[in-house]
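A short worksheet on the structure shown next.
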Amino acid sequence: MSDVRLSQIIEELGGELLGSGELRVSRIGPLEGADASTLSFLAHARYQSQLQSTGAGCVIVAPAFREAAAARGAAIVTPDPYLYFARLTQWWAARTRPARPAGRHPTAVVSELARIGDGVRIEAHAVVEEGAVLGDGVTVGAHGFIGAGVVVGAGTRLAPRVSLMPGTRLGERCVLHSGVVIGADGFGFAPNEGRWEKIEQLGGVSIGNDVEIGANSCVDRGALDDTVIEDGVKLDNLVQIAHNVHIGAHTAMAGCVGVAGSARIGRHCTVGGGAGILGHLTIADHVHISSMSLVTRSLLQPGLYSGVFPIDENAAWEKNAATLRQLHKLRERVRALEKKTTP
Amino acid sequence: MSDVRLSQIIEELGGELLGSGELRVSRIGPLEGADASTLSFLAHARYQSQLQSTGAGCVIVAPAFREAAAARGAAIVTPDPYLYFARLTQWWAARTRPARPAGRHPTAVVSELARIGDGVRIEAHAVVEEGAVLGDGVTVGAHGFIGAGVVVGAGTRLAPRVSLMPGTRLGERCVLHSGVVIGADGFGFAPNEGRWEKIEQLGGVSIGNDVEIGANSCVDRGALDDTVIEDGVKLDNLVQIAHNVHIGAHTAMAGCVGVAGSARIGRHCTVGGGAGILGHLTIADHVHISSMSLVTRSLLQPGLYSGVFPIDENAAWEKNAATLRQLHKLRERVRALEKKTTP
Amino acid sequence: MSDVRLSQIIEELGGELLGSGELRVSRIGPLEGADASTLSFLAHARYQSQLQSTGAGCVIVAPAFREAAAARGAAIVTPDPYLYFARLTQWWAARTRPARPAGRHPTAVVSELARIGDGVRIEAHAVVEEGAVLGDGVTVGAHGFIGAGVVVGAGTRLAPRVSLMPGTRLGERCVLHSGVVIGADGFGFAPNEGRWEKIEQLGGVSIGNDVEIGANSCVDRGALDDTVIEDGVKLDNLVQIAHNVHIGAHTAMAGCVGVAGSARIGRHCTVGGGAGILGHLTIADHVHISSMSLVTRSLLQPGLYSGVFPIDENAAWEKNAATLRQLHKLRERVRALEKKTTP
C-alpha cells in the first residue's frame with residue numbers, strides 16, 4: 001500500500017486538480033481525523049465546516065467548494081465527489097489488494113461434467129457439481145457449493161462459503177458474500193388435517209448482472225416459476241427473499257429486511273433495515289420504505305412510506321402504549337363530546 | 001423432465017378425471033400464463049375468474065367448480081385441490097430430480113466411531129465426528145458438520161453446509177436447509193461487576209420427526225435442559241430459536257421470526273414473518289401471530305393477535321407518530337373536557 | 001459425567017456449605033423438576049416458593065435464604081447465587097466435555113506463511129491463508145475460513161464454519177459460533193444515474209478480548225476506518241453489525257438486532273432482540289433498549305427506551321390501528337373542543 005501521487009489519480013479518474021500533482025497520499029479517509037497523507041472528500045454541504053478544520057492533504061470537492069478548498073490546500077474538483085470517491089475506492093482496492101491467480105485448488109471437488117471458463121479461480125474445499133457452468137473470470141471462494149446445473153456469469157465473485165443450490169442462475173459481475181444461500185426451498189406447505197404437507201419447490205432463482213448480496217442473506221427458489229432479481233439490485237446482510245419474489249432493477253435493501261412470497265417490487269426502490277413486505281403485494285418503482293416498517297398493502301405511488309412506533313423513555317412509552325390500546329374508545333369519547341357541544 | 005399423461009397422474013394420486021387421460025402435460029404452473037402443456041390448479045374461489053381465461057391444458061379443481069372446469073377442457077376434480085397440488089409436486093420432484101446414490105465421498109471425514117445406517121449419503125467435505133449416529137437413508141450435504149454424539153433420524157436430509165453441534169438429536173424425515181446451525185450456545189451470561197460471566201450451556205436440542213428448518217436459521221442448545229421442537233414443526237429462513245424454547249407440534253413460523261429463551265409455544269400455531277416472542281412466555285395452541293408483532297405477554301386463548309404500527313405516507317406517519325408521543329396527555333385533555341361538559 | 005461430592009464443588013468455587021460434603025450430585029438443573037441428584041439454585045427472590053417444593057439435593061442460595069434452605073436440606077450459601085451458578089457451569093463443562101487435543105487435521109489447508117501459536121487446534125477442512133496469525137491455544141473449527149493476514153488472539157475459539165475475512169483482528173478468549181461472518185463488505189454504494197456504484201470497503205474489523213458472537217451473526221468491515229467491538233461485548237445469533245459501527249465494552253445484544261452504519265454505542269448497554277439502531281447515531285453508556293424498538297435518534301442519557309406497538313387481539317388492534325392513522329386529526333378535534341368550551 002505504497003503512496004501515490006495526485007497526478008496518478010487524476011490520470012486514472014479524471015477531475016480538476018488544484019495544487020501540485022507531485023503531492024503524495026497513502027490513504028483515503030474521512031475529513032475528521034485526516035492527516036497530510038490522507039485523501040479525503042466532502043460529500044455533502046452539511047459537512048462543509050469540516051473542510052476548514054481537516055488536516056487532509058487533499059480533498060475531493062464539488063465546484064461550489066472550489067474556492068474554499070483551494071484556500072486550504074490541494075483539492076480535486078469534480079461534479080459528484082461521492083461518486084468520484086466510490087471510483088477512487090475501486091481503483092485503490094484494485095491497486096492494493098493482492099491479485100489472486102486463477103486456478104483450481106487441489107482440494108476443490110469439481111465435477112468433470114462442469115463447464116469451467118477461462119481465468120476461473122476455485123478455492124480450497126469448494127464443490128462444483130455436474131452440469132454447473134462457471135463463466136470466464138469467476139471466483140468460487142473456499143467452501144463454496146455450486147449445485148448441479150447452476151450457471152454463474154462471467155466475472156462474478158463468490159466469497160468463501162456461498163451455497164448456490166440447483167436451479168440457480170447468476171448473472172455477470174455479481175458479488176455474493178460469505179454465508180449467502182441461493183435457491184433453498186421456499187416455505188410452501190398445504191394444510192392437511194392439522195399437519196403440513198410439503199409443496200416441493202420446482203422453480204429456480206434467476207439473478208441479473210451486477211447484483212450484490214450480503215453475508216448470510218437468503219434467496220429462495222420459486223414454487224413453480226422462478227424467484228427473480230433484476231440487474232443492479234443490492235441486498236445487505238441477513239436479508240430474506242422468499243419464493244417467487246420479483247425485485248426490479250437497481251433496488252437496494254438494507255440489512256435484516258424480509259420479503260414474503262410473490263411480492264413484486266419495482267425498480268429503483270430502497271428498503272430500510274429490518275423492514276418487512278408481506279406476500280403478493282405490488283410495490284411501484286421509486287418507492288422508499290423506512291427502516292422496520294411493515295408493508296401491509298400494495299404501494300402503487302412513488303414516495304416515502306413509514307410505520308414504526310416512535311421510541312421514547314420507557315415510562316412515557318408505557319403510558320402512551322396503554323392509552324393506544326384504548327384509542328378507538330378515545331375517539332368515540334371525542335365524538336360524544338362533539339355531539340354534546342354542538343347545539 | 002419428459003411429459004406425462006394425465007392418466008398416470010390419476011393412477012398415482014387419485015382424483016376424478018374430466019377429459020382424456022391421453023392428454024399430456026410437461027409442467028405444473030399457475031393459472032396465469034399457463035399453456036396447453038401446463039397442469040394448473042384452482043386453490044381458492046377468489047381466483048375463479050382465472051379459470052375461464054387460463055390456457056392450462058388441465059386444471060385441478062374442487063367439486064364446486066366441476067362444471068366450470070369441464071366447460072373449458074380437461075380437469076381433475078378432488079376435494080382439496082391445494083393438497084392435491086402439494087402431493088403432485090412431491091411426485092413430480094421425485095420423478096424429475098436425479099436420484100442421488102448412497103455412499104461416502106472420498107473427501108468426507110467420517111469418524112470410525114460414528115454409526116452409519118444403510119443407504120446413507122455423505123457428500124464432499126462433510127465431517128461426521130465420533131459417536132454420531134446417522135439413521136438409514138440420511139443425506140449429509142457437502143460441507144455438513146455432524147458433531148460428536150449427534151443423532152440424526154432415518155430419512156432426514158441435510159442440505160449442504162448444515163452444522164449440528166454436539167448435543168443435537170434430530171428425528172426422522174426432517175429437512176434442514178443450507179446454513180442451518182443447531183445446538184450453538186444459548187445466550188446466557190450472569191452480570192458480574194459490569195462484565196458478563198458465561199453460563200456454559202449444558203443442555204442440548206431435541207427435534208422431532210418431519211421438521212423442516214429454513215436456510216441460515218438457528219436453534220440454540222438449552223442452558224440445563226433441552227430446547228425442544230416437536231413433530232411436524234416448520235421454520236422458514238433466518239429464524240432464531242433461543243435456548244430452552246419449546247415449540248409444539250405442527251406449528252409454523254415464517255422468515256426472520258425470533259423467539260427468546262424459555263418461551264413455550266403451543267401446537268398448531270402460526271407466527272408471521274419477523275414477529276418476536278419474548279422469553280418465558282406461554283402461547284396456547286392455535287394462536288396466530290401477525291407479521292412483525294412482538295408478543296410481550298402470554299397468550300392463553302387461541303386466536304389472531306397483532307401489533308404493528310400501520311404504514312402510511314411518511315408525512316402522515318410523522319404527524320401521527322408525533323401526536324402518539326403525546327397520546328396520554330391527549331386522553332387527559334379529553335377527560336378534562338368530559339368533566340367540563342358534564343353538569 | 002460421573003457425579004461429584006459437594007465438598008469438591010466448595011473446594012473449587014468457594015461458598016459456605018450447609019449439610020454434608022459427602023452428598024453427591026450428578027447434574028445441575030432448575031428447581032422445578034429437580035431430584036435428589038440435582039444441584040439447583042435460587043437466583044431471584046420471586047422463585048422463593050419453589051425452594052420449599054423442590055426435590056433438589058442441594059440448592060445454591062443467597063444469605064437471606066440461609067434458614068429457609070437449611071430447613072429443607074443441603075445448601076451452598078454465596079452472595080450472588082446466579083454468578084456462582086455461572087461459574088459452576090464453567091467448571092462442570094470443563095469437567096465433563098472431552099478435551100480436544102491441539103493439532104492440525106490432515107485435511108486442513110494451512111498456508112506456510114501463516115503463523116501458528118502453541119497448542120492450536122485446526123479442525124477438518126479448515127482453511128488458513130497466508131499471513132494469518134493464530135495465537136496460542138486457538139481453536140479453528142471444521143470448515144473455518146481464516147483469510148489472509150487475519151489475527152486471532154490467544155485462547156479464542158471458533159466453532160465450525162466461521163468466516164474471518166481479510167482485515168479482521170480478533171482479541172483473546174473470544175468465542176464465535178457457527179456461521180459467523182466477520183469482515184464481509186459493508187453496504188456502501190454511491191448513486192450514479194439510477195445505478196449503484198460500489199464503494200470498496202477498505203477498512204477492517206477490530207474486535208477486543210472476551211467477545212462472544214452468536215451463530216450466523218455478521219460484523220461488516222469498515223468503509224475507510226475499522227468497525228470496532230470493544231472488550232467483553234456479547235452478541236447473540238443473527239445479529240447484523242454494519243460498517244464502522246463502534247460498540248463499547250460489555251454491551252450485550254440479543255438475537256436479530258440490526259445496527260446501521262457508523263452508529264456509536266456506549267459501554268454497558270443492552271439491546272433487546274430484534275431491535276434496530278439507525279446509522280450515525282450516538283448511544284450513551286448504560287442505555288437499555290427494549291426488544292424490537294427502533295432507535296431513530298441519539299440517546300444521550302442512560303435509561304430504558306421503548307417503542308413498539310402493543311400486541312392485542314387482532315380485531316381490537318385493527319380498530320386502534322385505523323384510528324391511529326387519524327390520530328393527528330383527532331388531536332385537532334380535541335383542540336377545537338377545548339376552544340369551544342373555553343369561555
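Top to bottom, those sequences are chains A, B and C. Going by UniProt numbering, 76 is the number at position 76 of the first sequence; the sequence numbering is gapless. Going by UniProt numbering, 223 is the number at position 223 of the second sequence; the sequence numbering is gapless. Going by UniProt numbering, 153 is the number at position 153 of the third sequence; the sequence numbering is gapless. Glycine included, every Cβ here is placed at the ideal spot set by N, Cα and C.
Who are the Cβ neighbours of residue i in its own chain at under 6 Å, not counting the five residues just before and after it?
i, result
"Gly131 (chain B)", "Leu113, Ala148, Gly149"
"Ala86 (chain B)", "none"
"Thr282 (chain A)", "Arg264, Ser298"
"Gly141 (chain A)", "Glu123, Leu158, Ala159, Pro160"
"Val257 (chain A)", "Val239, Val271, Ala275"
For residue i and residue j, what's the separation of their Cα atoms in angstroms?
i, j, result
"Arg24 (chain C)", "Ser37 (chain C)", "7 Å"
"Val110 (chain A)", "Asp35 (chain A)", "49 Å"
"Gln201 (chain A)", "Ala99 (chain B)", "16 Å"
"Ile277 (chain C)", "Ala263 (chain C)", "7 Å"
"Gly57 (chain B)", "Ala74 (chain B)", "7 Å"
"Leu330 (chain A)", "Tyr305 (chain C)", "25 Å"
"Ser20 (chain A)", "Ser7 (chain A)", "8 Å"
"Val205 (chain A)", "Pro166 (chain A)", "9 Å"
"Arg95 (chain B)", "Ile241 (chain A)", "28 Å"
"Glu16 (chain A)", "Ala68 (chain A)", "15 Å"
"Pro63 (chain A)", "Val133 (chain C)", "46 Å"
"Ala316 (chain A)", "Gly279 (chain B)", "23 Å"
"Ala321 (chain A)", "Gln52 (chain C)", "38 Å"
Given a threshold of 16 other Cβ atoms within 10 Å of its Cβ, counted over all protein chains shown, does residue i qualify as buried or as exposed?
i, result
"Glu129 (chain B)", "buried"
"Pro81 (chain B)", "buried"
"Ser2 (chain C)", "exposed"
"Asn192 (chain A)", "exposed"
"His44 (chain B)", "exposed"
"Thr342 (chain B)", "exposed"
"Asp220 (chain A)", "buried"
"Arg157 (chain C)", "buried"
"Leu300 (chain B)", "exposed"
"Glu197 (chain A)", "buried"
"Arg169 (chain C)", "buried"
"Ser49 (chain A)", "exposed"
"Trp183 (chain C)", "For the record, residue 183 (chain C) in the displayed sequence is Gly; it is not Trp. By the 10 Å Cβ count, Gly183 (chain C) comes out buried."
"Ala108 (chain C)", "buried"
"Ala71 (chain C)", "exposed"
Among residues of its own chain, excluding the 5 on either side of residue i, which ones have a beta-carbon nearer than 8 Å to its beta-carbon?
i, result
"Gly214 (chain C)", "His177, Val180, Leu235, Asp236, Asn237, Leu238, Val239, Gly255"
"Asp231 (chain C)", "Gly171, Gly208, Asn209, Asp210, Val211, Ala249, His250"
"Cys218 (chain B)", "Val180, Val181, Ile182, Ala184, Val239, Gln240, Ile241"
"Arg66 (chain C)", "Leu18, Ala75, Val77"
Skipping 5 residues on each side, what residues in its chain have a beta carbon closer than 7 Å to that of residue i?
i, result
"Gly188 (chain B)", "Ile199, Gln201, Ala223, His243"
"Asp118 (chain C)", "Asp136"
"Asp185 (chain B)", "Gln201, Asp220, Arg221"
"Gly103 (chain A)", "Arg121"
"Ala284 (chain C)", "Gly266, Leu299, Leu300, Gln301, Pro302"
The alpha helix (DSSP H) spanning residue i covers which residue range?
i, result
"Asn314 (chain C)", "314 to 324"
"Ser40 (chain A)", "Per DSSP, Ser40 (chain A) belongs to no alpha helix (DSSP H); it is in the beta strand (DSSP E), 38 to 41."
"Ser306 (chain C)", "Looking at the DSSP string, Ser306 (chain C) is not in any alpha helix (DSSP H); the run it does join, the beta strand (DSSP E), is 303 to 306."
Assuming residue i is part of the beta strand (DSSP E), what are its boundary residues?
i, result
"Leu17 (chain A)", "16 to 18"
"Ala93 (chain C)", "Taken as a continuous stretch (DSSP letters only), Ala93 (chain C) belongs to no beta strand (DSSP E), being part of the alpha helix (DSSP H) at 81 to 96."
"Val205 (chain A)", "205 to 207"
Contact list for the stretch 218 to 235 of chain C against chain B, Cβ threshold 8 Å:
Gly232, Lys234
Taking any Cβ of chain B, which residues in the stretch 104 to 125 of chain C have a Cβ under 7 Å from it, in chain order?
Thr107, Ala124, His125
May I ask you to list, following chain order, the residues of the stretch 239 to 256 of chain C that have a beta carbon less than 8 Å from some beta carbon of chain A?
Those would be Gln240, Ala242, Cys256, in chain order.
Along the stretch 177 to 202 of chain A, what residues have a CB closer than 7 Å to any CB found in chain B?
Gly179, Val181, Ala184, Asp185, Phe187, Phe189, Ala190, Asn192, Gly194, Arg195, Trp196, Glu197, Lys198, Ile199, Glu200, Leu202
Near-chain C residues of the stretch 130 to 159 of chain A (beta-carbon distance less than 7 Å), N- to C-terminal order
Ala142, His143, Ala159
Beta carbons nearer than 8 Å to chain A: which residues of the stretch 278 to 297 of chain B have them?
Those would be Ser291, Met292, in chain order.
Residues of the stretch 319 to 335 of chain A with a CB closer than 7 Å to any CB of chain B: list them in chain order, please.
Lys319, Asn320, Thr323, Leu324, Leu330, Arg333, Val334
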